[in-house]
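Inspection log for the structure reproduced underneath, given as structure tokens.
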Amino acid sequence: MLQTQTVNRELLDLLNKLMAFEIFKDFNLVGGTALALKRGHRVSIDIDLFGNSEIDEFEFANILKELGNVVILKKAVI
């Protein structure tokens, strides 16, 4: 069972909306938020996604525009 008290409603709604897009089907939630939702040990305020497939940045930007006031704090390419 997810420990949804560790994130605010807006973050959880945004995460659910993101994961409904086909572009994110091969991505997983990782990092502190994933751990907080699993363990319930702390409050978390960000979304870290990891995947082995490339993502089209133009399509990604359009999805973010659809979702409203979303800010990319950091982008990593490995």
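With the first letter of the sequence shown counted as 1, position 59 gets the number 58 in numbering that gives the first Met the number 0; the numbers rise by one all the way through.
Glycine included, every Cβ here is placed at the ideal spot set by N, Cα and C.
Length of the line joining the Cα atoms of residue i and residue j
| i | j | result |
| --- | --- | --- |
| L1 | A35 | 9 Å |
| T32 | A60 | 22 Å |
| R38 | V6 | 12 Å |
| D47 | D55 | 17 Å |
Boundaries (first-last residue) of the alpha helix (DSSP H) holding residue i
| i | result |
| --- | --- |
| D12 | R8 to A19 |
Three-way DSSP call (helix, strand, coil) for residue i in this model
| i | result |
| --- | --- |
| N27 | strand |
| L48 | strand |
| R41 | coil |
| N68 | coil |
| Q4 | helix |
| E53 | coil |
Buried or exposed (CB count within 10 angstroms, at least 16 for buried), residue i
| i | result |
| --- | --- |
| F57 | exposed |
| F23 | buried |
| L66 | exposed |
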